[in-house]
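K.L.:
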Amino acid sequence: MQKILIIGNKGMLGQELVNVFKKDKDYKVIAWDREDIDIAKEKEVSKKIGFTKPNIIINAAAYNAVDKCEESKKEYEIALEINGKAPGYLAKSAKKNKAVLVHYSTDYVFDGEPEIPEPAGCSHSCASCSLHQGFQPEVGFDEMAKPSPISNYGKSKLMGEKEVAKNTKSYYIIRLSKLFGKPAIGEGAKRSFFDVMLEAGKKNKEVKAVDEETSCFTYAPDLAKKTKEIIDAKKPFGIYHIVNSNPCTWYEAVVELYRQVKMKTKIIPVSGLEFPRPAKRPFYSVLVNTKLNPMRSWKEALKEYLK
Ligand SMILES: NC(=O)c1ccc[n+]([C@@H]2O[C@H](COP(=O)([O-])OP(=O)(O)OC[C@H]3O[C@@H](n4cnc5c(N)ncnc54)[C@H](OP(=O)(O)O)[C@@H]3O)[C@@H](O)[C@H]2O)c1
C-alpha cells in the first residue's frame with residue numbers, strides 16, 4: 000500500500016484528489032490543509048513530513064489571489080513564500096523521505112505570446128509559401144516552452160517550479176489553467192467562473208464578458224483522475240500540461256454555459272479594457288499537451304458539473 004499525503008485538501012482541486020485516491024484501496028490517504036501544516040514554514044514541513052513518511056506528496060495548496068499580490072508588496076511577499084519557496088521545502092522533504100512530489104502550476108507562467116510553429120522545411124516566418132497550405136499547427140505553449148511571466152502571481156508560481164526542480168528529481172509539475180469545479184471549503188475559497196456567471200445571468204438581463212484570454216478550462220475532477228493516472232503509470236518525471244480540450248475566451252465560455260442551462264440573458268463581448276484589473280493576464284495561454292492522451296472537451300465536463 001502507498002501512503003499518499005494530499006496538502007490543500009480543502010481547496011477546489013485538493014478535495015477532488017482526496018475523492019479519487021480514497022476510492023482505490025491501494026492508497027492510504029492522509030489529507031492536510033492549513034490547520035495541519037503551514038507549507039511556508041520549512042522546519043514544520045521537514046518535521047511533519049519526516050514523521051508521516053509518505054510515499055507520495057501532492058501539493059495542491061497555493062496562494063491564488065492574482066490581483067491582490069499585484070497591488071500589495073506585502074501580499075506579493077506572502078505569494079512568494081507559499082507559491083515560490085514552500086514547494087522547495089516540500090521537494091527537499093520528499094527527497095529526504097524518498098517520496099515522489101506532485102506540484103501544480105499555471106499557464107500564467109507564460110507571457111501570452113506563443114511562437115507560431117512553422118511547417119517542416121520552412122525556416123522563415125513567411126506564412127505564405129506552399130508548405131503552409133493545409134498546415135494547422137496547435138498554437139500555444141508546450142511543456143518545453145520558455146516561461147516568461149507578466150504578473151507577480153505568475154512569477155511566484157515560476158519560482159515554485161524552479162525550487163521543485165532544484166531540490167528533487169522525483170517530481171511531477173502539472174500546469175493547468177482556468178480551474179472549475181465544486182467551490183473550495185477553505186477560508187480563502189473562491190467560486191469558479193461558471194458559478195459567478197450563472198448568478199450574474201439570473202440577476203441581470205445582460206452581462207458583459209471579456210472576449211480575450213484564450214486558454215483551456217480544467218475540470219477539477221478530470222485533473223484529479225489524470226494526476227492519479229500519471230502516478231499509477233509511473234510516467235517519466237518532469238513537466239506535464241493537463242487541461243480540458245477546446246480553448247476559448249471567457250465570452251465563448253459564457254455563451255456555452257447559458258446555452259447549456261437555456262438561459263436567455265444577453266451576453267455582450269467586450270475587451271479586457273472594460274474590466275481593468277491590477278494584474279496583467281496572458282492574452283493567449285493555451286497549454287499544449289504533448290505527453291498524455293488528450294482530455295475531453297470542457298463543454299462535456301461542464302455538462303457533468305451542471306448536473
Ligand atoms: N484556480 C485556478 O483557476 C488555477 C489556475 C491555474 C493553476 N492553479 C493551481 O492549481 C492548484 C490548486 O488550486 P486551487 O484553486 O484548488 O486552490 P484553492 O482552492 O485556493 O485551495 C488551496 C488550499 O491550500 C490552502 N493553503 C494556502 N496556503 C497554505 C499554506 N501556507 N499551508 C497549507 N495550506 C495552505 C488554502 O487554505 P486557505 O483557503 O485557508 O488559504 C486552500 O485550502 C494551485 O497550485 C494553483 O496555483 C489554479
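When we follow numbering that gives the first Met the number 0, the leftmost residue of the sequence shown carries the number 0, and every step to the right adds one.
In this text, a Cβ means the ideal position worked out from N, Cα and C, and glycines have one as well.
State buried or exposed for Q135, treating a residue as buried only when at least 16 other CB atoms are found within 10 Å of its CB.
P.N.:
Position 136 of the sequence shown, counted from the first residue, corresponds to residue 135. The residue in question, Q135, is exposed, as its Cβ has fewer than 16 Cβ neighbours within 10 Å.
K.L.:
Where does S127 land, buried or exposed, given buried means 16+ other C-beta within 10 angstroms?
P.N.:
By one-based count along the sequence shown, residue 127 stands at place 128. The residue in question, S127, is exposed, as its Cβ has fewer than 16 Cβ neighbours within 10 Å.
K.L.:
If you count every other CB in all the chains shown that lies within 10 Å of the CB of T289, and 16 or more means buried, which is it?
P.N.:
Walking along the sequence shown from the start, residue 289 turns up at place 290. Exposed: under 16 other Cβ atoms inside 10 Å.
K.L.:
I'd like the list of long-range same chain contacts for S155, defined as Cβ closer than 6 Å, with 5 residues on each side in sequence excluded.
P.N.:
Within the sequence shown, the letter at position 156 stands for residue 155. Hits under 6 Å: A78, L79, N82 and G83.
K.L.:
What are the residues that DSSP puts in a beta bridge with P268?
P.N.:
Numbered from its first residue, the sequence shown carries residue 268 at position 269. DSSP lists A208 as partners of P268.
K.L.:
State the CB to CB distance for the pair V101 and P146, rounded to an integer number of angstroms; the pair is presumed to be in contact (CB under 8 Å).
P.N.:
As a working mapping, residue 101 is identified with position 102 in the sequence shown. As a working mapping, residue 146 is identified with position 147 in the sequence shown. With 8 Å as the limit, V101 and P146 do not qualify as a contact, their Cβ atoms being about 19 Å apart.
K.L.:
From W249 to E112, what does the alpha carbon distance come to, in whole angstroms?
P.N.:
The residue given as residue 249 occupies position 250 in the sequence shown. The residue given as residue 112 occupies position 113 in the sequence shown. About 18 Å.
K.L.:
Compare the Cα-Cα distances from N307 to each of Q259, K225 and D231 and report the closest residue.
P.N.:
In the structure displayed, the chain extends from 0 to 306; residue 307 sits before or after that span and is not available.
K.L.:
Taking just the CA atoms, how far does K97 sit from L89?
P.N.:
As a first step, residue 89 must be located in the sequence shown, where it is residue number 90. As a first step, residue 97 must be located in the sequence shown, where it is residue number 98. Near 12 Å, if we compare the C-alpha coordinates of K97 and L89.
K.L.:
Could you tell me the alpha carbon to alpha carbon distance between N166 and V44, rounded to whole angstroms?
P.N.:
Counting from one through the sequence shown, the residue named residue 166 turns up at place 167. Counting from one through the sequence shown, the residue named residue 44 turns up at place 45. About 14 Å.
K.L.:
From this set, Y170, A208 and P281, which residue's C-alpha is nearest F193's C-alpha?
P.N.:
Sequence index remark: in the sequence shown, residue 193 carries index 194 (1-based). Considering only alpha carbons, the answer is A208.
K.L.:
Does any C-beta atom of chain D lie closer than 8 Å to the C-beta of W297?
P.N.:
Note that chain D does not occur in the displayed structure, where there is just one protein chain.
K.L.:
Alpha carbons only, please: which of E251, I55, Y170 and Y75 is nearest the one belonging to M265?
P.N.:
The residue you call residue 265 lines up with position 266 of the sequence shown. This sequence places Lys at residue 265; Met is not what is there. Per the Cα distances, E251.
K.L.:
Hey, out of E212, G153 and D32, whose CA is closest to Y274's CA?
P.N.:
Along the sequence shown, one-based indexing puts residue 274 at 275. The identity of residue 274 in the sequence shown is Phe, whereas the question assumes Tyr. Minimum Cα distance to F274 is reached at E212.
K.L.:
If we count the other Cβ atoms within 10 Å of its Cβ and call it buried at 16 or more, is L272 buried or exposed?
P.N.:
In the sequence shown, the residue the question calls residue 272 occupies position 273. Classification for L272: exposed.
K.L.:
Near H240, what residues of its chain come up, given a Cβ to Cβ distance below 6 Å and the 5 sequence neighbours on each side ignored?
P.N.:
Within the sequence shown, residue 240 is the residue found at index 241, counting from 1. Only E142, R174, L286 and N288 meet the Cβ criterion.
K.L.:
Note down the Cα distance separating T51 from A93, rounded to an integer number of angstroms.
P.N.:
Within the sequence shown, the letter at position 52 stands for residue 51. Within the sequence shown, the letter at position 94 stands for residue 93. So the alpha carbons of these two residues sit roughly 11 Å apart.
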